[in-house]
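Chemist: Questions regarding the structure given below will be posed in turn.
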Amino acid sequence: MSHPYDPSSIEAKWQKRWEEAGIYKTDLKKKAKDPYYSMVMFPYPSGDKLHVGHWYNFAPADSFVRFQRMHGKETFCPMGFDAFGLPAENYAIKTGVHPDASTRKNVETMITQLKRIGCMYDWDKMVNTSTPEYYRWTQWLFLQMYKHELAYRKEASVNWCPSCQTVLANEQAQDGTCDRCGTTVVQKPLTQWFWKIKQYAEKLLKNLDDLDWPEKTKTMQRNWIGRSEGAEVEFGIQNSEFGITVFTTRPDTLFGATYLVLAPEHPLVEKITTKEQQKAVAAYLDTVKKKTEMQRTDLTKEKTGVPTGASAINPATHEQIPVWIADYVLPTYGTGAVMGVPGHEERDYDFANTYKELRGSIRCVIAPDRKSADFSEHAYPGAEGTDQEIYEKILGGEQCWTGPGMLVNSDFLDGLSVPDAKKKITAWLEDEDAGREKITYRLRDWLVSRQRYWGAPIPIVYDPEGNPHPVPEKHLPWLLPTDVEFKPTGKSPLYYSKEFRERTEKIFGKGWTPEFDTMDTFVCSSFYYLMYLQSEGHGMKLKIENGKLKMNSIIDPHVEKSWMPVSLYIGGPEHACMHLIYARFVMMALQDFGFVSHDEPFKKLVHQGLVTHKGAKMSKSKGNVVSPDSFIDRHGSDVFRMYLMFMGPFTDGGDWNDMGIKGIDRFVARMYRLFEKKLNKGNKGVKGSKGLSAASMTKLHATIKKVGDDIAIFHFNTAISALMSLLNELEKEESIPVDALQTIAKLLAPLAPHLAEELWEMSGGTGMVIDQHWPAFDPKLLKNDTMTIVIQVNGKLRGEITVGAKTAKEEIIAMAKKEENVSKFLMEGQTKKEIYVPGKLVSFVVG
RNA sequence: GCCAUGGUGGCGGAAUGGUAUACGCGCGCGACUCAAAAUCGCGUUCCCGUAAGGGAUUGAGGGUUCAAGUCCCUCCCAUGGCACCA
């Protein structure tokens with residue numbers, strides 16, 4: 004028999020009908036009764052086109068929204084393109100093709116590919132971040148941040164290849180060398196723009212509690228934000244006007260601080276380094292420039308550092324302690340300076356073991372076993388006269404104890420617990436004006452400057468004195484110039500645009516210059532959920548007229564109120580920290596600026612699993628990208644998307660392998676044949692459930708329940724296996740009533756939308772199956788009048804009995820004991836215990 | 001290194017602390033066919049056994065429990081992220 008189901012014609016037919024009927028268009032202005040805004044993370048229009056990973060994300064997301072729609076939700080599913088970014092620029096450097104041209108072409112191809120999935124996208128709402136209609140709002144966002152003092156300039160290091168004379172992305176500078184020429188990459192400081200995301204750290208952390216997001220993602224974000232409670236402590240410097248402020252989470256160990264360490268980048272380094280140490284410090288700074296942050300913080304590597312020659316005063320002990328620099332201290336965290344407590348902090352312990360002069364030494368009053376202490380000098384004869392090598396301040400039982408314990412050798416803190424000592428020393432520091440309570444976050448302010456071409460220009464101009472000024476809103480979009488140099492020159496590409504400079508001087512006056520940096524692409528993707536909702540004035544379809552757009556707010560407040568937050572956002576777990584924190588920050592800021600009514604953009608978040616190929620994430624550089632196109636040609640969209648869903652749990656992903664696609668192909672063909680066969684047998688028009696055996700009826704209703712329950716929790720794989728199992732049953736049936744077949748078409752509608760429409764039509768359904776209501780199951784049909792009880796002896800399965808559903812416990816146990824294979828094992832010893840789990844099992848324990 | 005996730009037959013995987021291996025792929029045998037493909041039927045975790053049945057088994061080791069893939073501890077391996085790939 005030839006394949007009865009021809010996906011290419013049938014899928015094209017339904018895609019055309021859906022489009023003609025406009026059933027996926029959403030009128031955002033009309034008040035929605037029960038809105039459901041579903042978003043997937045928009046793709047980057049890469050030259051690799053749409054790959055299997057995109058399908059793995061988009062198709063199940065579509066199935067889920069179809070399921071919602073069949074439950075009466077008014078759904079909105081937009082799609083767009085995250086079109087600015089590095090790959091298009093690198094492609095331009097290599098081939099000379101303008102990023103705008105290559106991006107447009109890729110977008111076009113991907114739209115064609117996307118349409119073949121058959122998703123419910125409302126293409127009228129499409130966005131493309133690289134169009135002036137879009138980046139006008141990226142720039143508007145920058146101006147809002149600037150206006151509200153959330154944007155500022157600061158020096159920050161970039162990866163610099165001295166040979167290529169260009170800034171490198173981290174990806175291009177792995178293992179510290181330039182991926183084009185192999186030269187050692189150095190850290191070069193540049194003045195760049197930052198956004199104050201840290202100001203929202205507490206809110207970003209707190210709001211997580213109420214979000215319907217995966218727990219692991221929330222944990223990762225909490226760790227990323229990295230809130231630490233502690234104190235700042237001021238250390239004076241001997242013979243100097245300067246002081247060093249350190250942040251510590253362990254102010255209780257202040258009496259054990261035997262040295263201070265500054266980050267090599269700390270501004271005080273050059274001010275306090277003594278003449279004798281200048282050479283050593285300069286040499287050290289040189290080596291640091293060549294290290295990545297990960298190399299610097301690697302706990303397994305031996306720590307390095309050099310003394311500055313300066314001494315600080317420990318405010319608690321009034322002792323002089325040396326000030327060093329070491330690269331394990333990062334300038335971006337805390338105050339960029341730490342106190343070294345070798346007795347109770349592992350990094351400090353390691354460091355002081357490398358540089359023994361930092362250990363400090365005092366006569367101890369701790370017992371040799373470190374389990375107890377006495378505050379009288381000679382309490383422990385064994386310890387008398389011994390000099391502890393490491394200052395020890397808390398009793399814990401081992402050197403470098405970081406756990407809880409009692410404070411010793413710490414003057415007025417002696418005898419206190421760690422939490423009490425923290426409180427007392429912090430209060431003391433405040434009294435002495437030598438410190439204060441402080442909360443620090445690991446989260447850093449967002450560096451938004453990029454020394455690249457293919458991004459949204461930062462809407463800032465500089466006056467002849469070099470002071471920044473915002474570009475007034477009426478000049479937006481502040482167009483990206485086209486007369487630029489892509490090849491690396493040591494400057495941002497926009498630097499060479501004559502038009503850009505002339506434009507600036509013409510508008511602002513002679514001697515004024517534009518900002519040459521563009522914005523991080525994460526800025527573009529931090530508010531696109533609002534851009535989909537913009538009901539006028541943007542998008543590929545609309546041109547800018549007279550260089551102006553009417554709206555001065557990013558979104559119509561009524562539309563925002565009814566459609567935000569996004570009901571469901573689906574995307575990869577690789578975005579757990581960066582994109583998903585930036586987007587939340589921007590939404591919060593926009594609420595504070597008064598443009599939106601909500602503070603969180605994504606109500607529910609789900610991560611699809613990662614689809615790998617040959618064990619690794621698909622990427623052009625690894626050459627393991629799999630295109631779905633040939634599979635769609637051969638099997639059609641429905642088979643392919645169901646295969647992806649059948650691979651395993653949606654949130655797991657997996658390694659790509661086309662071996663099993665045949666199984667889904669067979670399933671679809673068999674389902675189609677079942678409809679053909681049963682409908683041709685003259686069953687058309689038969690109503691009611693007559694003709695279906697009781698067992699099949701039960702199976703049908705159990706399947707309705709299972710498919711619904713499973714789709715609701717993204718277990719598409721088991722939903723499909725339930726339908727397969729149902730099909731296996733029904734194929735044995737003589738005849739199947741039409742309404743049972745129509746129920747099956749409805750169950751298939753979210754998972755195989757084209758096939759389901761076809762089957763719905765074949766079985767005489769009116770309208771489209773996607774507009775039908777999800778079928779209900781009859782709970783009465785699911786109840787069994789018998790139950791199977793398994794019998795265990797000492798945890799091992801020894802038999803099974805089938806009894807009536809209402810059989811009493813005692814009766815079941817008695818029956819279990821009589822089972823031949825059970826009684827045999829019960830003879831072996833005394834029955835110590837009998838456990839009955841209702842409806843499930845009997846367990847005997849024999850001694 | 002740090003943060004997070006995962007590890008179950010030949011393969012993808014299923015399993016509210018209660019029958020481990022559902023469903024599918026693959027494979028084997030059979031039917032149909034001149035033959036093959038397709039389709040249909042039966043079987044299929046591993047070991048012993050004709051069978052009945054027994055034993056082992058969820059990355060490794062330990063623990064809690066009448067009962068552990070599931071909970072706890074230690075370890076191994078793989079993957080994602082680590083702030084300029086998106």
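For the first sequence, the positions run 4 to 850 when our numbering is used.
Cβ atoms here follow ideal geometry from the backbone N, Cα and C, with glycine treated the same way.
1. If P345 sits next to A266, beta carbons under 8 Å apart, how far is it from one beta carbon to the other, in whole angstroms?
2. Using the Cβ count rule (16 or more neighbours within 10 Å means buried), how would you classify F87?
3. When you compare the CB positions of V332 and A315, do they come within less than 8 Å of one another, or not?
4. Hey, V236 and P217: beta-carbon distance below 8 Å or not?
5. To test your reading of the DSSP string, which unbroken alpha helix (DSSP H) runs of 4 or more residues are found completely within the segment 292-375?
6. Determine, using beta carbons only, whether T701 and L784 come nearer to each other than 8 Å.
7. With C-beta atoms as the reference, is L483 less than 8 Å away from P460?
8. Between the Cα of E508 and those of V68, Y531 and Y465, spot the shortest distance and give me the residue it belongs to.
9. Assuming H601 is part of the alpha helix (DSSP H), what are its boundary residues?
10. K219: buried (16+ other C-beta within 10 angstroms of its C-beta) or exposed?
11. Can you list, in chain order, the stretches of the alpha helix (DSSP H) that have 4 or more residues and sit fully within the segment 190-252?
12. Express the C-alpha separation of D9 and I664 in angstroms, rounding to a whole number.
13. Quick one: grab the DSSP three-state call for F649.
14. Using the C-alpha atoms, what's the distance from G575 back to M727?
15. Can you find the residues in the same chain that come closer than 6 Å, C-beta to C-beta, to Y40, ignoring five residues on each side of it along the sequence?
16. Just checking my contact of V2 with T769 at CB under 8 Å: how many whole Å lie between their CB atoms?
17. Does the distance from the CB of I96 to the CB of E761 come in under 8 Å?
18. Below 8 Å on the Cβ atoms is my guess for V642 versus I667; work out the distance and round it to an integer in Å.
19. Might you give, ordered along the chain, the residues of its own chain that have their beta carbon closer than 6 Å to the beta carbon of D414, omitting 5 neighbours on each side?
20. Rounded to a whole number of angstroms, what is the C-alpha to C-alpha distance between G259 and Q224?
21. Alpha carbon to alpha carbon, what distance is there between V100 and T307?
22. To which residues of the same chain is H718 closer than 7 Å at the C-beta, ignoring the five residues directly before and after it?
23. Mind the definition here: the segment 295-303 touches the segment 277-285 only if three or more C-beta pairs lie below 8 Å; say whether that holds.
24. How should V110 be labelled, buried or exposed, when 16 other C-beta atoms within 10 angstroms of its C-beta is the threshold for buried?
25. Whole angstroms is fine: what's the gap from R119's alpha carbon to D125's?
26. Could you say if the segment 195-213 and the segment 168-187 meet the contact criterion of at least three C-beta pairs nearer than 8 Å?
27. With a CB to CB cut of under 6 Å and the five nearest residues on each side skipped, what residues in its chain are close to G694?
28. Taking the alpha-carbon of R183 as reference, which of Q195, P192 and V170 has the nearest alpha-carbon?
29. List the whole-angstrom C-beta distance separating I228 from L207, where the pair is believed to meet the contact cut-off of C-beta under 8 Å.
30. Residues in its own chain within less than 6 Å of T252 by CB, not counting five upstream and five downstream?
31. In this structure, does DSSP put Y39 in helix, strand or coil?
32. For the alpha helix (DSSP H) that Y59 lies in, which residues bound it at each end?
33. Pick from A697, S699 and H638: whose alpha carbon is nearest that of F670?
34. Between Y27 and the rest of its own chain, which residues show a CB-CB distance below 6 Å, the 5 nearest in sequence each way excluded?
35. According to DSSP, is A619 helix, strand or coil?
36. The beta strand (DSSP E) that contains Q745, what's its start and end?
Modeler: Working from what's here:
1. Going by Cβ atoms, the distance from P345 to A266 rounds to 19 Å, so no, they are not a contact pair.
2. F87 sits buried, since 16 or more C-beta atoms from the chains shown fall within 10 Å of its C-beta.
3. In terms of Cβ geometry, V332 and A315 do not form a close pair [threshold 8 Å].
4. P217 is positioned such that its CB atom lies no closer than 8 Å to that of V236.
5. The qualifying runs are 296-300 and 349-357.
6. Yes. Within cutoff.
7. Yes, the pair counts as a contact, with Cβ atoms nearer than the cut-off.
8. It is Y465 whose Cα lies nearest to the Cα of E508.
9. Following the DSSP letters along the chain, one finds H601 in no alpha helix (DSSP H), marked with neither H nor E.
10. Residue environment: K219 is assigned as exposed (fewer than 16 neighbouring CB atoms within 10 Å of its CB, all protein chains considered).
11. If only complete runs of 4 or more residues are kept, the segment 190-252 shows the alpha helix (DSSP H) at 204-210 and 218-228, in order along the chain.
12. Roughly 16 Å separates the two Cα atoms.
13. Here F649 sits in helix by DSSP.
14. Rounded to whole angstroms, the separation of the alpha carbons of G575 and M727 is 29 Å.
15. Around Y40: F79, W566, V569 and S570.
16. The structure shown has nothing for residue 2, since the chain only spans 4 to 850.
17. Judged by their CB atoms, I96 and E761 are not nearer to each other than the 8 Å cut-off.
18. Yes, V642 and I667 are in contact; Cβ-Cβ is about 5 Å, under 8 Å.
19. Closer than 6 Å at the Cβ level, and outside the excluded window around D414, lies no residue.
20. Roughly 33 Å between the two C-alpha positions.
21. Taking the straight line from one Cα to the other gives about 47 Å.
22. Answer for H718: P652, listed in chain order.
23. Judged by Cβ distances under 8 Å, the segment 295-303 makes no contact with the segment 277-285, as fewer than three pairs qualify.
24. V110 is buried by the Cβ-count criterion.
25. Rounded to whole angstroms, R119 to D125 spans 14 Å at the Cα level.
26. Contact annotation: the segment 195-213 does not touch the segment 168-187, with fewer than three C-beta pairs closer than 8 Å.
27. Correct list, in chain order: S738 and P740.
28. The shortest Cα separation from R183 among Q195, P192 and V170 belongs to V170.
29. Between L207 and I228 the Cβ distance is about 6 Å, and since that is below 8 Å, they are a contact.
30. Same-chain partners within the cutoff: S231 and G233.
31. In the structure shown, Y39 adopts extended strand secondary structure according to DSSP, grouped into three states.
32. For Y59, the enclosing alpha helix (DSSP H) covers residues V55 to R72.
33. Ranked by Cα distance from F670, the options A697, S699 and H638 are led by H638.
34. Annotation for Y27: M123 and D125 place their beta carbon closer than 6 Å to its own, counting only its chain and skipping 5 residues before and after.
35. Strand, per DSSP.
36. From DSSP, Q745 is part of no beta strand (DSSP E) but of the alpha helix (DSSP H) over V741 to L751.
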